[in-house]
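Letter by letter, the sequence shown follows residues -31 to -1, 1 to 144 of mature numbering (1 follows the signal peptide of the UniProt record, and there is no 0). One structure is given below, encoded as structure tokens.
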Amino acid sequence: MPRHPRASLTLPALAALTAAGLGFTAAPAEAESRRSAAQTTPGCLWAGTSHPAGATVIAGGRGYTCGADGRGTPMWSAGAASDRPDTVANPGSAGDPAAHFSLGARQPGTAYNDYCVGNQLVEGADDVYQVVRDNDGRLFWKAAEPVSAWRFDRGSVAPQPTWRGTGLCYEGNMA
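Below, the structure written as structure tokens:
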């Protein structure tokens, strides 16, 4: 009867083979992919102008720094109050923020933000609005603070009163 040699592996040898086969060598590749993702973070939009990650702009008496959220989506983070003049355009929240402003950007309200509560008109110009994301990923303006918190530089135009009247509101709907 022919004899077949058996390979015998010791426990330390098995552990070494298992460690090599399970990807402990993949750690540098993972770190490299994280590094390249951080370097390719897209810029943030403010009034249609792109600003690189890490840039700080001044608007309405406050600094905003461009970064990214947990999903890698460009996002402005509000910082401390500033006495410096605005460094970016501030057209107000006069339309859909998508393709014009990134998450976290703030703008004074306009008639675009008017809404009804019952038969009462609430003027959009009474607040400052911030870009937020809905559950489906859509960007929209959400009231963040009273317009009195926004500093208007000399020569800039404050929001105008709405052209709408309370007669356009019926049971919470705007006609």
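Every residue gets a Cβ at the ideal spot worked out from N, C-alpha and C, and that includes glycine.
- Taking C-beta atoms as the reference points, V97 and R75 count as a pair closer than 7 angstroms.
- Between L108 and V116, the CB-CB gap reaches or exceeds 7 angstroms.
- Secondary structure of N59 (DSSP, three-state): coil.
- Under the three-state reduction of DSSP output, D96 falls in the strand class.
- In terms of Cβ geometry, G87 and G141 form a close pair [threshold 7 angstroms].
- Excluding five sequence positions before and after Y84, the CB atoms of its chain that fall closer than 6 angstroms to its own CB belong to V91, given in chain order.
- For N82, the secondary structure class from DSSP, reduced to helix, strand or coil, is helix.
- Of the residues V126, G136 and G93, the one whose Cα lies closest to the Cα of A113 is G93.
- DSSP places V126 in the coil class of the three-state scheme, outside both helix and strand.
- Annotated three-state conformation of G48 is strand, per DSSP.
- Annotation: W119 is outside any beta strand (DSSP E) and is labelled neither H nor E by DSSP.
- The Cβ-Cβ distance between A16 and P60 falls below 7 angstroms.
- By the Cβ test, the stretch 65 to 73 is not in contact with the stretch 118 to 137, since fewer than three Cβ pairs between them sit closer than 8 angstroms.
- Around the Cβ of Y33, a 10 Å sphere holds 16 or more other Cβ atoms; the residue is buried.
- The beta carbon of G36 sits closer than 7 angstroms to the beta carbons of A22, M44 and S46 from its chain, once the five residues preceding and following it are set aside; these are given in chain order.
- Here DSSP, grouped into helix, strand and coil, assigns G136 to helix.
- Straight-line spacing of the CA atoms in T79 and N104 works out to 25 angstroms.
- Closest by C-alpha distance to W132, out of G12, D52, Y81 and L14, is Y81.
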